[in-house]
Amino acid sequence: MTIRFSVLGIWPGISWTPLTVAPAGEGGASAASYGEDDLNSFAVAAVKVHRINNTYSQKMEEAGSDQEKEMLERKANGEMVNAVKHEGLTVDTYQDIVSRLQRDADLAARVRQKIKKVA
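To convert, count from 1 in the sequence shown and add 2; that's the numbering used here.
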């Protein structure tokens, strides 16, 4: 797993970086199968991932060597994975929701409202 430093805007004025993982395994829930609890957990995890990303992005810009950047990237990725898991999601589920947000405007609007409540 690595962190991709491309930005996915999820709500006005704030952007965050999703975790990048190997392609998901079999299955995956349909958008309709994500309940309110899943989306609430996702919103909290997304805010945490955003904050971790911001912290480490700044540190990586200030890093003096490639080795230091790699160490910071590993540490940030671990913290992001832990944040997602702490909210009761798997990284695959988190990534699936991220992917669906890019294709489903209604789902994105629902998640945007949830993020506003926890941000």
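Each residue gets a CB set at the ideal place from its N, CA and C atoms; glycine is no exception.
Residue i to residue j, Cα distance in whole Å?
{"i": "S43", "j": "A121", "result": "13 Å"}
{"i": "I99", "j": "A65", "result": "32 Å"}
{"i": "K50", "j": "T57", "result": "11 Å"}
{"i": "R114", "j": "S35", "result": "18 Å"}
Which residue marks the beginning of the alpha helix (DSSP H) containing residue i, and which one marks its end?
{"i": "G80", "result": "D68 to H88"}
{"i": "S101", "result": "V93 to R105"}
{"i": "Y36", "result": "Run containing Y36: none; DSSP gives neither H nor E here."}
Leaving out five residues on either side along the sequence, give the residues of the same chain with a beta carbon under 7 Å from the beta carbon of residue i.
{"i": "Y96", "result": "L21, F44, A47 and V86"}
{"i": "L74", "result": "Y58, K61, M62 and A65"}
Between residue i and the rest of its own chain, which residues show a CB-CB distance below 8 Å, the 5 nearest in sequence each way excluded?
{"i": "K71", "result": "M62 and A65"}
{"i": "I54", "result": "A78, E81, M82 and A85"}
{"i": "T92", "result": "V86"}
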